[in-house]
DNA sequence: CAGCTACTTGAGACTGAGTCTCAACACATC
DNA sequence: GATGTGTTGAGACTCAGTCTCAAGTAGCTG
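Protein chains in written order, with our numbering: chain A, 9 to 169; chain B, 9 to 169.
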């Protein structure tokens, strides 16, 4: 099932009005793994130029409040958003050269976190765990850079379904 | 030994000019555990109002390039900076209510990270691991909130030495 | 110490990302 | 179709951060 259908059902179920603009924003957002707010604005406007920037931001905030999208502050540039509905919790590994983002799961880390939090008497609400490095391809590009070769490869990120 | 002395020695050793403005910025930065760029601007200007905002940002960028300060994107608000010179690596636990930040070390997590990175063929360069929750005091404030009691406590953060 | 060069600074314009305001519009319900 | 509430587009605004540039300063060299 396409991801945006679930999101739309959820919103409707909560009595939230699903206007044409909101549908477009939801569908475009669901088509990407990770995106910045401005990327989403451009993408939405390429389908319907009359949708205002403010509307995209508002809808994004709405989805965030509803727990449907998550906001990630990767270093380097503005925050990334991600539609996480019906997705298991995961953390991120990012290539600082080409920007590829890999999602990983590590239950062992989650257990250690509980330890840490207990140690300081905190109540854990959420966490972020981000690893930054070079992907295999970029490590090679780096090595070839001395010889000034090809530009870094690109990762196309649009989800097919 | 005061922290800023080390920083100043390091900069001089690398042939970087230590102007009066830079000294002031370094000293004020070293006086805090965590601070935002704008906080630092205000703090520096309270000692010498003639120092321009741009100079503070420039010096902060210089210290960052020199590996002396680290930048942390906590959610909620602009990024925090931290003078990390001669400080062991650590991660952060933050109270989302009062903003207290605790630094913790967890070698076990570092080992698991190496696993993850190997699994995807990456070369690890750095990482951030942030836990968000409620500190002991704020958990209690939360419980009392139904009865509308005292405002949240404050954490004074200036370092004494 | 005068002259030269390179670096640094203050002031303020500029930018990008995000928020706010408000009049116009759309929708759901009666 | 009247009414009330929620949503939208347009554009002004804010805030953090960057850039530009003329003026100032430091560190040589002779």
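For every residue, glycine included, the Cβ atom is placed at its ideal position computed from N, Cα and C. In this text, all values refer to a predicted model and were calculated from it rather than measured experimentally.
Tell me where the beta strand (DSSP E) around residue i begins and ends.
i: residue 138(A); result: 131-142
i: residue 6(A); result: No answer is possible for residue 6(A): the residues shown for chain A start at 9 and end at 169.
i: residue 90(B); result: 88-91
Who are the Cβ neighbours of residue i in its own chain at under 7 Å, not counting the five residues just before and after it?
i: residue 112(B); result: 98, 99, 101
i: residue 155(B); result: Its pLDDT being 46, under 50, residue 155(B) is placed unreliably in this model, and the coordinates cannot settle the point.
i: residue 135(A); result: 121
i: residue 128(A); result: none
i: residue 56(B); result: 32
i: residue 159(A); result: Model confidence at residue 159(A) stands at a pLDDT of 39, short of 50, so the residue's coordinates are unreliable and nothing is read from them.
i: residue 82(B); result: 88, 102, 138
i: residue 94(A); result: 14
i: residue 61(B); result: 49
Which same chain residues end up closer than 6 Å to residue i when comparing Cβ atoms and leaving out the 5 residues on each side of it in sequence?
i: residue 29(B); result: 59, 63
i: residue 104(B); result: 140
i: residue 109(B); result: 42, 100, 102
i: residue 137(A); result: 99
i: residue 12(A); result: 34, 35, 38
Please compile the residues from chain B whose C-beta is within a distance smaller than 7 Å of the C-beta of residue i.
i: residue 121(A); result: 139
i: residue 110(A); result: 128
i: residue 117(A); result: 117, 120
i: residue 124(A); result: 101, 112, 114, 139
i: residue 81(A); result: 81, 83
i: residue 147(A); result: 131
For the alpha helix (DSSP H) containing residue i, name the first residue and the last one.
i: residue 55(A); result: 45-55
i: residue 122(A); result: 115-127
i: residue 65(B); result: 61-73
i: residue 18(A); result: 11-21
i: residue 216(B); result: Nothing can be reported for residue 216(B), as the shown portion of chain B is limited to 9 through 169.
i: residue 25(A); result: Where residue 25(A) is concerned, there is no enclosing alpha helix (DSSP H), given that its DSSP letter is neither H nor E.
What does a CB cutoff of less than 8 Å around residue i pick up in its chain, not counting 5 residues either side in sequence?
i: residue 21(B); result: none
i: residue 45(B); result: 64, 65, 68, 86, 87, 89
i: residue 142(B); result: 103, 104, 105, 150
i: residue 163(B); result: In this prediction, residue 163(B) has a pLDDT of 45, which is less than 50 and means its spatial position is unreliable; what the coordinates show is noted afterwards. Around residue 163(B): 106, 107, 108.
i: residue 125(B); result: 131, 132
Could you say which of the options lies nearest to residue i if we only look at CA atoms?
i: residue 53(B); options: 72(B), 32(B), 38(B), 26(B); result: 32(B)
i: residue 76(B); options: 115(B), 128(B), 96(B), 109(B); result: 96(B)
i: residue 14(B); options: 25(B), 35(B), 27(B); result: 35(B)
i: residue 115(B); options: 109(A), 108(A), 81(A), 123(A); result: 123(A)
i: residue 26(B); options: 133(B), 50(B), 71(B), 61(B); result: 71(B)
i: residue 37(B); options: 78(B), 119(B), 83(B), 147(B); result: 78(B)
i: residue 74(B); options: 147(B), 148(B), 17(B); result: 17(B)
i: residue 91(B); options: 61(B), 118(B), 48(B); result: 48(B)
Along chain A, which residues have their Cβ under 8 Å away from the Cβ of residue i?
i: residue 135(B); result: 137, 138, 139, 140
i: residue 36(B); result: Residues of chain A passing the Cβ test: none, with the nearest at roughly 24 Å.
Taking Cβ-Cβ distances shorter than 8 Å, what residues in chain B pair up with residue i?
i: residue 104(A); result: 133
i: residue 77(A); result: The contacting residues do not exist; residue 77(A) stays about 14 Å from chain B at best.
Are there any heavy atoms of the ligand ADP lying less than 6 Å away from the beta-carbon of residue i, as far as the coordinates show?
i: residue 39(B); result: Looking for the ligand ADP in the displayed structure turns up nothing, as the structure carries no ligands at all.
For residue i, list the residues DSSP reports as bridge partners.
i: residue 108(A); result: None; residue 108(A) has no bridge partner.
Run through chain A and tell me which residues come within less than 7 Å of residue i, C-beta to C-beta.
i: residue 74(B); result: Ordered by position in chain A, no residue passes the 7 Å Cβ test against residue 74(B), which lies about 17 Å from the chain.
Give the interface partners of residue i over in chain B, defined as CB-CB distance under 9 Å, in chain order.
i: residue 66(A); result: The contacting residues do not exist; residue 66(A) stays about 19 Å from chain B at best.
i: residue 144(A); result: 128, 129, 130, 131
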